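J.: One structure, as structure tokens, below. Some questions next.
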């Protein structure tokens, strides 16, 4: 929900009681914009119809029948596209990780995220509706990531996507290269890093064997182990590994370990993907690319080149390309820019936009729910003032799950979008905003 | 990549001397006197010899003609650390900050500048031809800065102003909080600066009294001599200050010791605009994409517009980055400001002529005017658009970059 002027809040709460937005109950039709559906060709003068948080219809104006009670929103001259999917972010205060050990498969981002962190608001201002929130890369395995729908909520429980069994959905953060090199018990070399990871997966395989052998006999089951349980979710494919890796040889190490243990993996950052594009494409491993403004800053990013996306596309692997903010490495408010700079470096517009949306959603196993403007998908979309790849374009509104979560015309939202006095403060509680509201 | 690099080297070697040539462009942004559609810029002997509409400028027969969609003056990065803070970010390539003492105005940038640093080549590829670089905003006084062209294999080939400013920093980045060292507070920071300037004033007095009598002169003191350059207004003090109270402290200090002040960063300038304007102090604003965190938590994309409206001279910087990206690109930064209310012309001015003015080099560069240095940036579209490429960079008639970046 976009932050309202305080004076209107009382009215709002009287009017909608427990409902966040009437957009959930009344169909809304966005009419007249150019629709970048991602899954299909762009539609000029289109209609996007949403209801109950889902997309009901997408099409040319003449092809979509509007319900009689639909709220019609004129978006002529605007561009609509799916909400952006950030496959790698540290908003919500989840930057660091516990430093007692290099492998912490039992640690959950779920227990660490501040859902009122201003970073979520800035991400909304940048059009980001789905985020893979994770801890840092100073560990070989820093813990379980969390996939969130970027709405304004009261608790993290409301924020996260869920597995079919109802448990919070996420992947597993891993890293290699130099970031995780430290004093013992951390590794100091690449060989040691790989050995520690292999030991962990071997232990998980043993754990799995004992569990299988015990069958339904509770007395024979090994004691519960949170870390090994986390690793088992990786081995079973339920959790995708999100793997920080930059240098060409580190990339190949990830591919080797993934093959040995059969885990699903998305390569993250991949500064030198352009050097080993053949191997990445042969392994069919997706890449979530960082786009930074200059090479270096650390040894493993010294050969960063923004043409990695183009190199993968050239090899027929456009669907393996996505981007991320790595917020605060790059600014969530400028996520569109990352894709635009990849276009500057040679990738097609289509692949660049898919890399912000549908390709990225698939890397989180969310491709059937978000990432394109298609009937039945979540009503996550942006209203843009123009071409998404132009510096002069602004995100005018962001909708997530049928709720308007950002409105550039709103004073408070504008503060998060453009900065200013108090822009770094956490979002106030939903019912506490009648006073000064913002706390630290 | 390798081939490209080799080709680049061959190319540079073959054009190492200034050539006479004409750049013909659909849009020539002179900055000083508007845009010329279908214009030409004639560079002769390393200087701009003519600028005007293609139909009106008479060119010598057989002169080499280059074409581009857009040509601008070579860009000026008003504050950077490239050449001192290397791209590897390892101890051996970081010369922007010596932590042994809080006040070291005697550290010269010319003794630290690595003309072959990769990040200089990097920014050059975006059209940046002039950089103001030097000691980082990491100590109360970290040292001196210089102005260089982004060319040359040695500092001597690059530098155009050997001591441009002396770099001071207020706020968190120069506080030794919790380390048992000074300065630990804002009050101590100003006390140390005032003591240092008082020491320099005293030294200046003794030198004056001694006059030409060498026997009466005080012993030489590099530190005090550097600060006397500031007191005698030959060199401005560049004060990086983000918080409003630190900005005001810098203004107070400049008034007390009557030196030329250039404010740097100034993320909260928008709450003390009147004070800055009254003092007549220019601002080298923080990079618009600098992280809005810690001391920049109140930073605003609207600041450049507010500076403009308050008639405060300002320019943009790539700034100092301690991690990734190791340098920002001032072209990219101005683009963000342009898209947030400043507009194209305002954005371009702040990385060309207005930057040159703050650096005191506008007599020789910063706009496309006859007699100025032949420093040009050529683009295949609107330079601020994300998907536009810089296709050529020229410094004093020498092509220093050719490609598609």
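Residue numbers (the numbering used here), protein chains in the order written: chain U, 2 to 441; chain L, 30 to 434.
Don't be surprised by glycine CBs; every beta carbon is placed ideally from N, CA and C.
Keep in mind that this is a model prediction, so the values were computed, not measured.
List the whole-angstrom C-beta distance separating residue 367 of chain L from residue 345 of chain L, where the pair is believed to meet the contact cut-off of C-beta under 8 Å.
T.: Locating residue 367 of chain L in the second chain gives position 338, where the first residue counts as 1. Locating residue 345 of chain L in the second chain gives position 316, where the first residue counts as 1. Actually they do not touch by this definition, with Cβ atoms about 10 Å apart.
J.: Rounding to the nearest angstrom, what Cα-Cα distance links residue 366 of chain U and residue 241 of chain U in this structure?
T.: As a position in the first chain, residue 366 of chain U is number 365, starting the count at 1. As a position in the first chain, residue 241 of chain U is number 240, starting the count at 1. Approximately 8 Å between the Cα atoms of the pair.
J.: Buried or exposed for residue 272 of chain L, please, with buried defined as at least 16 other CB atoms from any protein chain shown within 10 angstroms of its CB.
T.: Taking the first residue of the second chain as 1, we reach residue 272 of chain L at position 243. That one is buried.
J.: Taking the alpha-carbon positions, what's the residue 276 of chain L to residue 39 of chain U distance?
T.: Your numbering for residue 276 of chain L matches position 247 in the second chain. Your numbering for residue 39 of chain U matches position 38 in the first chain. Straight-line Cα distance between these residues: approximately 48 Å.
J.: Nearest-angstrom Cα distance between residue 75 of chain L and residue 423 of chain L?
T.: Here the question's residue 75 of chain L lines up with position 46 in the second chain. Here the question's residue 423 of chain L lines up with position 394 in the second chain. Looking at the two C-alpha atoms, the distance is approximately 9 Å.
J.: How big is the Cα-Cα spacing for residue 300 of chain U and residue 216 of chain U?
T.: For the purposes of this step, residue 300 of chain U is taken as the residue at position 299 of the first chain. For the purposes of this step, residue 216 of chain U is taken as the residue at position 215 of the first chain. Near 48 Å, if we compare the C-alpha coordinates of residue 216 of chain U and residue 300 of chain U.
J.: Give a yes or no on whether 9 Å exceeds the smallest Cβ distance from residue 414 of chain U to chain L.
T.: Stepping through the first chain from its first residue, residue 414 of chain U is reached at position 413. Taking Cβ atoms only, chain L never reaches closer than 9 Å to residue 414 of chain U, which makes this a no.
J.: Could you confirm whether any beta carbon from chain L is found closer than 9 Å to the beta carbon of residue 124 of chain U?
T.: Working through the first chain from its first residue, we reach residue 124 of chain U at position 123. No, because no Cβ of chain L sits closer than 9 Å to the Cβ of residue 124 of chain U.
J.: Which ranges does the beta strand (DSSP E) cover as unbroken runs of at least 3 residues, wholly within the stretch 364–413 of chain L, from first to last along the chain?
T.: Entirely contained in the stretch 364–413 of chain L, the beta strand (DSSP E) runs reaching 3 residues are, in chain order, 405–408.
J.: Kindly say whether residue 29 of chain U, judged by its beta-carbon, lies nearer than 9 Å to any beta-carbon of chain L.
T.: Walking along the first chain from the start, residue 29 of chain U turns up at place 28. Taking Cβ atoms only, chain L never reaches closer than 9 Å to residue 29 of chain U, which makes this a no.
J.: Within a Cβ cutoff of 6 Å, which residues of the same chain sit near residue 109 of chain L, ignoring the five residues on either side of it in sequence?
T.: In the second chain, residue 109 of chain L corresponds to position 80, counting from 1. Only 160, 162, 347 meet the Cβ criterion.
J.: What are the residues that DSSP puts in a beta bridge with residue 348 of chain U?
T.: Translated into positions along the first chain, residue 348 of chain U becomes position 347. Partner(s): none; residue 348 of chain U has no beta bridge.
J.: Evaluate the contact criterion for the stretch 141–157 of chain L versus the stretch 80–96 of chain L: three or more CB pairs, one atom per stretch, below 8 Å.
T.: Judged by Cβ distances under 8 Å, the stretch 141–157 of chain L makes no contact with the stretch 80–96 of chain L, as fewer than three pairs qualify.
J.: Which chain L residues sit within Cβ distance under 9 Å of residue 332 of chain U?
T.: As a first step, residue 332 of chain U must be located in the first chain, where it is residue number 331. Here the neighbours are 318, 320, 321.
J.: Note down, in chain order, every chain L residue with its Cβ under 8 Å from the Cβ of residue 345 of chain U.
T.: Your numbering for residue 345 of chain U matches position 344 in the first chain. Correct list: 415, 416, 417, 418.
J.: Are any of the Cβ atoms in chain L nearer than 9 Å to that of residue 293 of chain U?
T.: If you number the first chain from 1, residue 293 of chain U lands on position 292. Closer than 9 Å: yes.
J.: Compute the distance between the beta-carbons of residue 419 of chain U and residue 330 of chain L, then report whether it is under 9 Å.
T.: One-based indexing of the first chain puts residue 419 of chain U at position 418. One-based indexing of the second chain puts residue 330 of chain L at position 301. A contact, by the Cβ cut-off of 9 Å.
J.: Looking only at C-alpha atoms, which of L/62, L/77, L/338, L/411 sits nearest to residue 400 of chain L?
T.: Counted from its first residue, the second chain places residue 400 of chain L at position 371. If we check each option's Cα against that of residue 400 of chain L, L/77 comes out closest.
J.: Check the Cβ of residue 315 of chain L against every Cβ in chain U and list those closer than 7 Å, keeping chain order.
T.: By 1-based counting over the second chain, the position of residue 315 of chain L is 286. The contacting residues do not exist; residue 315 of chain L stays about 11 Å from chain U at best.
J.: Please classify residue 421 of chain L: does DSSP put it in a helix, a strand, or coil?
T.: Position 392 of the second chain holds residue 421 of chain L. The answer is strand: DSSP assigns residue 421 of chain L an E or B state.
J.: Would the stretch 176–184 of chain U and the stretch 206–214 of chain U be scored as touching if the rule is three or more Cβ pairs under 8 Å?
T.: With the cut-off at 8 Å, the stretch 176–184 of chain U and the stretch 206–214 of chain U do not touch.
J.: Check whether the Cβ of residue 352 of chain L lies closer than 9 Å to any Cβ atom in chain U.
T.: Start at 1 with the first residue of the second chain, and residue 352 of chain L comes out as number 323. It does: the Cβ of residue 352 of chain L has a partner Cβ on chain U nearer than 9 Å.
J.: What is the DSSP secondary structure of residue 365 of chain U, counted as helix, strand or coil?
T.: Along the first chain, one-based indexing puts residue 365 of chain U at 364. Residue 365 of chain U: coil per DSSP, three-state reduction.
J.: How far does the alpha helix (DSSP H) with residue 206 of chain U in it extend, from its first residue to its last?
T.: On the first chain, position 205 is the one that residue 206 of chain U refers to. Note, residue 206 of chain U: alpha helix (DSSP H), 191–215.
J.: So that I know if they touch, is there some Cβ in chain L lying closer than 9 Å to that of residue 162 of chain U?
T.: Translated into positions along the first chain, residue 162 of chain U becomes position 161. Not an interface residue.
J.: What does a CB cutoff of less than 6 Å around residue 371 of chain L pick up in its chain, not counting 5 residues either side in sequence?
T.: For the purposes of this step, residue 371 of chain L is taken as residue 342 along the second chain, with counting starting at 1. Once the five neighbours on either side are set aside, the close Cβ partners of residue 371 of chain L are 333, 334.
J.: Opposite residue 175 of chain U in the DSSP bridges: which residues?
T.: The count along the first chain starts at 1 and reaches residue 175 of chain U at position 174. Answer is U/142, U/244.
J.: Using three-state DSSP, classify residue 139 of chain L as helix, strand or coil.
T.: As a working mapping, residue 139 of chain L is identified with position 110 in the second chain. DSSP places residue 139 of chain L in helix when its eight states are reduced to three.
J.: Hey, does residue 303 of chain U have any beta-carbon neighbour from chain L nearer than 9 Å?
T.: Residue 303 of chain U sits at position 302 when you count from the first residue of the first chain. Yes, residue 303 of chain U lies at the interface with chain L (some Cβ there is under 9 Å from its Cβ).
J.: Which one or two residues does DSSP pair with residue 288 of chain U in a beta bridge?
T.: Within the first chain, residue 288 of chain U is the residue found at index 287, counting from 1. In DSSP, residue 288 of chain U forms a bridge with U/268, U/322.
J.: From which residue to which residue does the beta strand (DSSP E) around residue 46 of chain U run?
T.: As a working mapping, residue 46 of chain U is identified with position 45 in the first chain. Residues 44–52.
J.: Going by the beta-carbon positions, is the gap between residue 103 of chain L and residue 381 of chain L smaller than 9 Å?
T.: As a first step, residue 103 of chain L must be located in the second chain, where it is residue number 74. As a first step, residue 381 of chain L must be located in the second chain, where it is residue number 352. Contact: yes.
J.: Using a Cβ-Cβ cut-off of less than 9 Å, list which residues of the stretch 394–406 of chain L approach chain U; keep chain order.
T.: Hits within the stretch: zero.
J.: Under 7 Å Cβ to Cβ from residue 431 of chain U, same chain only, skipping five residues before and after it: list those, please.
T.: Indexing the first chain from 1 puts residue 431 of chain U at position 430. A caution first: residue 431 of chain U carries a pLDDT of 49, below 50, which makes its placement in the model unreliable, though a value can still be read off. Same-chain partners within the cutoff: 155.
J.: Quick one: residues in its chain with C-beta nearer than 7 Å to the C-beta of residue 347 of chain U, no 5 flanking neighbours on either side, listed in chain order?
T.: For this step, residue 347 of chain U is matched to residue 346 along the first chain. Excluding sequence neighbours, residue 347 of chain U sits near 308, 311.
J.: Got a sec, what are the start and stop residues for the alpha helix (DSSP H) residue 279 of chain L sits in?
T.: As a position in the second chain, residue 279 of chain L is number 250, starting the count at 1. Segment 273–286, the alpha helix (DSSP H) holding residue 279 of chain L.
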